[in-house]
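Take the sequence shown: its position 267, counting from 1, is numbered 270 in this note's numbering, and each next residue is one higher.
Don't be surprised by glycine CBs; every beta carbon is placed ideally from N, CA and C.
Presented below is the structure to which this report refers.
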Amino acid sequence: MKKNLFYYLFVVLCTATLFTSCSDDDDNGKNGDDQVTDISGKYKGSLVVSIDGSAADPVSQVISIAKSGEQTSQVVLSLKNFSFTGRLVGDIEVPCTVEEKDGVQSFSGQKDLKFTTEFGQALGTLPTSVNGTVKNGKISMKIGVTVALLGQTVDVDFDGDKMSGNESSEAKISDFVIDSDFITEQPVIDDENGTITFEVNEAATDDDLKALIPTFNISDKATVSPVSGVAQDFSSNKVVIYTVTAEDGTIKTYNASISGYIMKFSFEEWKTVGTGPAKHEEPLPSEVLASSVQGASLLGIFGWSGGFPVEKTDDAKDGEYAIKLVTLDTHEISSSFVPALTAGSLFTGTFNAGPAMSGDQLSCTRFGVEYNKKPLTLKGWYKYTPGDKYMNGTDKKNVTYPEGTDECAIQGVLYEAVDEEENSVTLTGHDINDSKYRVATAALSDGSAKADYTYFELPFTFLEGKEYDANKKYKLAIICSSSKDGDKFIGAGGSTLIIDALEVVGE
Numbered sequence: 004m005k006k007n008l009f010y011y012l013f014v015v016l017c018t019a020t021l022f023t024s025c026s027d028d029d030d031n032g033k034n035g036d037d038q039v040t041d042i043s044g045k046y047k048g049s050l051v052v053s054i055d056g057s058a059a060d061p062v063s064q065v066i067s068i069a070k071s072g073e074q075t076s077q078v079v080l081s082l083k084n085f086s087f088t089g090r091l092v093g094d095i096e097v098p099c100t101v102e103e104k105d106g107v108q109s110f111s112g113q114k115d116l117k118f119t120t121e122f123g124q125a126l127g128t129l130p131t132s133v134n135g136t137v138k139n140g141k142i143s144m145k146i147g148v149t150v151a152l153l154g155q156t157v158d159v160d161f162d163g164d165k166m167s168g169n170e171s172s173e174a175k176i177s178d179f180v181i182d183s184d185f186i187t188e189q190p191v192i193d194d195e196n197g198t199i200t201f202e203v204n205e206a207a208t209d210d211d212l213k214a215l216i217p218t219f220n221i222s223d224k225a226t227v228s229p230v231s232g233v234a235q236d237f238s239s240n241k242v243v244i245y246t247v248t249a250e251d252g253t254i255k256t257y258n259a260s261i262s263g264y265i266m267k268f269s270f271e272e273w274k275t276v277g278t279g280p281a282k283h284e285e286p287l288p289s290e291v292l293a294s295s296v297q298g299a300s301l302l303g304i305f306g307w308s309g310g311f312p313v314e315k316t317d318d319a320k321d322g323e324y325a326i327k328l329v330t331l332d333t334h335e336i337s338s339s340f341v342p343a344l345t346a347g348s349l350f351t352g353t354f355n356a357g358p359a360m361s362g363d364q365l366s367c368t369r370f371g372v373e374y375n376k377k378p379l380t381l382k383g384w385y386k387y388t389p390g391d392k393y394m395n396g397t398d399k400k401n402v403t404y405p406e407g408t409d410e411c412a413i414q415g416v417l418y419e420a421v422d423e424e425e426n427s428v429t430l431t432g433h434d435i436n437d438s439k440y441r442v443a444t445a446a447l448s449d450g451s452a453k454a455d456y457t458y459f460e461l462p463f464t465f466l467e468g469k470e471y472d473a474n475k476k477y478k479l480a481i482i483c484s485s486s487k488d489g490d491k492f493i494g495a496g497g498s499t500l501i502i503d504a505l506e507v508v509g510e
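Encoded structure:
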């Protein structure tokens with residue numbers, strides 16, 4: 004499991020563009036100890052990540068090198084804005100010294116990396132070393148990162164050839180059009196944020212949106228995947244990612260999607276994430292749905308082997324699959340990073356494991372996605388079986404077993420997406436139930452056992468003094484849990500909630 008965690012970190016790390024920064028001066032001569040052959044430029048080649056001798060598949064990569072000052076013997080190796088599982092970690096910068104012997108330029112450097120982002124701080128200090136050579140325009144280099152906490156070293160190998168320097172760096176999409184009767188507003192391209200959004204007819208079904216054909220142009224001498232003119236599936240809130248690669252290797256991605264999420268989830272489509280004991284499935288679309296499995300998949304680091312809190316099940320009301328949420332009794336895991344009880348939860352929004360590293364599990368759940376309608380009802384089907392042993396794990400050092408029976412929870416919360424100063428608002432496990440930004444709620448009143456599938460249709464009720472304003476921005480959080488007090492770490496291990504055909508009706 005330790006291997007898997009940092010394998011994903013550095014796969015993401017290394018698929019970003021590596022480059023060195025500062026002066027653009029060129030000097031191909033040598034002058035005493037401070038001048039060596041200038042190796043600045045861009046190198047295109049293959050990058051491989053290995054952990055304990057296990058190598059990932061090669062990844063195409065471009066590395067740029069530039070002097071850090073007037074002397075060609077000093078450079079700074081930098082990696083900007085790299086992310087881990089979609090969460091920003093920070094920038095990597097490692098100063099290197101260049102030496103030359105027999106026509107071969109060797110460079111090396113090291114630095115203890117520290118990050119300022121919330122998630123980056125949770126990772127701690129990572130000692131990092133860089134070593135490489137350049138000969139006749141060919142580069143070979145290795146990055147080694149020591150993960151002291153887990154006693155792991157990750158090796159990143161790169162081999163490539165120097166580019167001419169005249170290649171175009173433009174990687175853009177333009178003139179994105181979808182010819183379909185279901186399109187009510189043609190796609191709008193936002194180059195700054197890398198998004199392409201369009202609107203569809205309210206009556207459009209998932210089947211209507213499964214084979215839309217976008218056509219578009221790209222920058223001269225660039226390539227793109229997937230290509231123009233190929234049918235794409237935009238059903239069930241899917242996001243189609245277009246990756247444009249410029250002639251010089253510069254990469255830009257565009258996320259194409261329907262504007263305003265369609266809140267209808269059949270749970271028919273899942274993706275497999277991770278390897279080994281961390282291998283699990285997550286419901287799609289991942290741009291809209293998140294769950295507690297994203298954090299619980301890391302429990303193996305602490306010796307857990309009791310399964311995952313979120314799984315696919317063939318016990319479905321409609322179609323082939325439904326989603327199963329299970330509460331895990333994790334109180335015997337000694338680590339302070341792990342709560343006494345881990346409820347199975349599904350919600351619209353994102354999951355960030357970073358705060359859990361400092362013991363703040365409730366900040367991991369970032370509830371809500373953009374919603375541009377007035378919600379009317381939250382409906383679907385569910386069945387529920389409470390676990391046998393009701394427990395209170397609020398104080399992990401003093402777990403108690405009071406009288407009681409666990410209950411499930413299904414609710415919707417509409418809240419204002421910006422505050423009085425136009426700053427973005429995102430509610431978490433700390434304030435989803437009492438924030439002043441809440442506008443309307445819908446909640447299941449009966450969370451008791453249901454042996455058979457039971458239909459629910461919950462009206463959204465606007466809070467006192469609140470009303471829907473079409474000129475405001477909102478987020479909608481749908482939250483389902485196998486233990487209604489799971490946010491307080493109260494519930495019963497084994498409590499199981501199965502949900503299917505979940506939908507929000509809005510106008």
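One question on the structure: do residue 330 and residue 486 come within less than 7 angstroms of each other, judged by their Cβ atoms?
Taking the first residue of the sequence shown as position 1, residue 330 is located at position 327. Taking the first residue of the sequence shown as position 1, residue 486 is located at position 483. Yes; because the gap between Cβ atoms is below 7 angstroms, this pair is in contact.
Closest by CA to residue 187, which one among 201, 194, 178?
Locating residue 187 in the sequence shown gives position 184, counting from the first residue. Of the listed residues, the one whose Cα sits closest to residue 187 is 201.
Measure the Cβ-Cβ separation of residue 321 and residue 503 and say whether it is below 7 angstroms.
Looking up residue 321 in the sequence shown gives position 318. Looking up residue 503 in the sequence shown gives position 500. Against a cut-off of 7 angstroms, the Cβ pair of residue 503 and residue 321 comes out as a contact.
Going along the chain, which residues of its own chain have a beta-carbon closer than 6 angstroms to the beta-carbon of residue 175, five neighbours each way excluded?
For the purposes of this step, residue 175 is identified with residue 172 of the sequence shown, where counting begins at 1. Closer than 6 angstroms at Cβ, skipping near neighbours: 222.
Go through the segment 117-195 residue by residue and report every complete run of the beta strand (DSSP E) that reaches 3 residues or more, in order.
129-138, 141-150, 155-165, 176-181, 186-193
Does the segment 289-306 touch the segment 468-479, meaning 3 or more C-beta pairs lie closer than 8 angstroms?
no
Residue 255 versus residue 66: straight-line alpha-carbon distance, rounded
Counting from 1 along the sequence shown, the entry for residue 255 is found at position 252. Counting from 1 along the sequence shown, the entry for residue 66 is found at position 63. Distance between the alpha carbons of residue 255 and residue 66: 15 angstroms.
Close-in-space but distant-in-sequence residues of the same chain around residue 141 (CB under 6 angstroms, 5 per side omitted):
Mapped onto the sequence shown, residue 141 falls at position 138. For residue 141, where only same-chain residues beyond five positions count, the Cβ hits under 6 angstroms are 164.
Quick one: give me the first and last residue of the beta strand (DSSP E) that residue 396 is part of.
Translated into positions along the sequence shown, residue 396 becomes position 393. Segment: none, residue 396 is in no beta strand (DSSP E) and carries neither H nor E.
Tell me the residue span of the alpha helix (DSSP H) that contains residue 298.
On the sequence shown, position 295 is the one that residue 298 refers to. Here the alpha helix (DSSP H) through residue 298 covers 296-299.
Using 7 angstroms as the threshold, is the C-beta distance between residue 387 and residue 479 below it?
Reading the sequence shown from its first residue, position 384 is the one you call residue 387. Reading the sequence shown from its first residue, position 476 is the one you call residue 479. Contact flag unset, no.
Give the secondary structure of residue 378 by DSSP, where H, G and I count as helix, E and B as strand, and everything else as coil.
Taking the sequence shown and counting its residues from 1, one reaches residue 378 at position 375. Three-state result, residue 378: strand.
Using alpha carbons as the reference points, say which of 207, 180, 184, 146 lies closest to residue 192.
Taking the sequence shown and counting its residues from 1, one reaches residue 192 at position 189. When only C-alpha atoms are compared, the closest one is 180.
Answer yes or no: do residue 288 and residue 326 have a C-beta to C-beta separation smaller than 7 angstroms?
Taking the sequence shown and counting its residues from 1, the one referred to as residue 288 is at position 285. Taking the sequence shown and counting its residues from 1, the one referred to as residue 326 is at position 323. Going by C-beta atoms, residue 288 is not nearer than 7 angstroms to residue 326.
Three-way DSSP call (helix, strand, coil) for residue 409 in this model:
Numbered from its first residue, the sequence shown carries residue 409 at position 406. Residue 409 falls in the coil class under three-state DSSP.
Measure how close the beta-carbons of residue 341 and residue 313 come, nearest whole angstrom, since I'm counting them as under 8 angstroms.
Position 338 of the sequence shown, counted from the first residue, corresponds to residue 341. Position 310 of the sequence shown, counted from the first residue, corresponds to residue 313. Not really, about 17 angstroms apart at Cβ, beyond 8 angstroms.
DSSP three-state call for residue 220: helix, strand or coil?
Here residue 220 is taken as the residue at index 217 of the sequence shown, counted from 1. Reduced to three states, the DSSP call for residue 220 is strand.
Buried versus exposed, by CB contacts within 10 Å (16 or more), residue 392
Against the sequence shown, residue 392 aligns to sequence position 389. So residue 392 ends up on the exposed side.
Within a Cβ cutoff of 6 angstroms, which residues of the same chain sit near residue 211, ignoring the five residues on either side of it in sequence?
Taking the sequence shown and counting its residues from 1, the one referred to as residue 211 is at position 208. If we look at residue 211 and ignore the five residues flanking it on each side, its Cβ neighbours are 185.
Just the C-alpha distance for residue 217 and residue 308, rounded to the nearest angstrom, thanks.
Along the sequence shown, one-based indexing puts residue 217 at 214. Along the sequence shown, one-based indexing puts residue 308 at 305. Cα to Cα, residue 217 sits roughly 45 angstroms from residue 308.
State the DSSP-derived secondary structure class of residue 236, mapped to helix, strand or coil.
Against the sequence shown, residue 236 aligns to sequence position 233. If DSSP states are grouped into helix, strand and coil, residue 236 belongs with coil.
Under 8 angstroms: do the segment 393-405 and the segment 429-444 share three or more Cβ pairs, one atom per stretch?
no
Measure the C-alpha to C-alpha separation of residue 128 and residue 58 and round it to an integer number of angstroms.
Walking along the sequence shown from the start, residue 128 turns up at place 125. Walking along the sequence shown from the start, residue 58 turns up at place 55. Distance between the alpha carbons of residue 128 and residue 58 is about 24 angstroms.
Along the chain, where does the beta strand (DSSP E) that runs through residue 245 open and close?
In the sequence shown, counting from the first residue as 1, residue 245 sits at position 242. 243-248 is the span of the beta strand (DSSP E), which, as asked, contains residue 245.
Would you report the Cα separation of residue 251 and residue 52, rounded to the nearest angstrom?
Position 248 of the sequence shown, counted from the start, is the residue given in the question as residue 251. Position 49 of the sequence shown, counted from the start, is the residue given in the question as residue 52. When rounded, the distance between both Cα atoms is 23 angstroms.
How many Å lie between residue 207 and residue 409 at the Cα?
Along the sequence shown, one-based indexing puts residue 207 at 204. Along the sequence shown, one-based indexing puts residue 409 at 406. Going from the Cα of residue 207 to the Cα of residue 409 covers about 40 angstroms.
Examine chain D for any beta-carbon lying closer than 7 angstroms to the beta-carbon of residue 409, and answer yes or no.
Going by chain labels, chain D is absent from the structure shown, which holds only one protein chain.
How is residue 214 classed by DSSP in three states: helix, strand or coil?
The residue you call residue 214 lines up with position 211 of the sequence shown. Coil, per DSSP.
Residue 306: which of 317, 38, 333, 413 sits nearest, CA to CA?
Within the sequence shown, numbered from 1, the residue matching residue 306 stands at position 303. Answer by Cα proximity: 333.
Going by C-alpha distance, which of 462, 353, 481 is nearest residue 518?
Nothing can be reported for residue 518, as the shown portion of the chain is limited to 4 through 510.
Going by beta-carbon coordinates alone, are residue 509 and residue 377 separated by less than 7 angstroms?
Against the sequence shown, residue 509 aligns to sequence position 506. Against the sequence shown, residue 377 aligns to sequence position 374. Yes, these two residues count as a Cβ contact at 7 angstroms.
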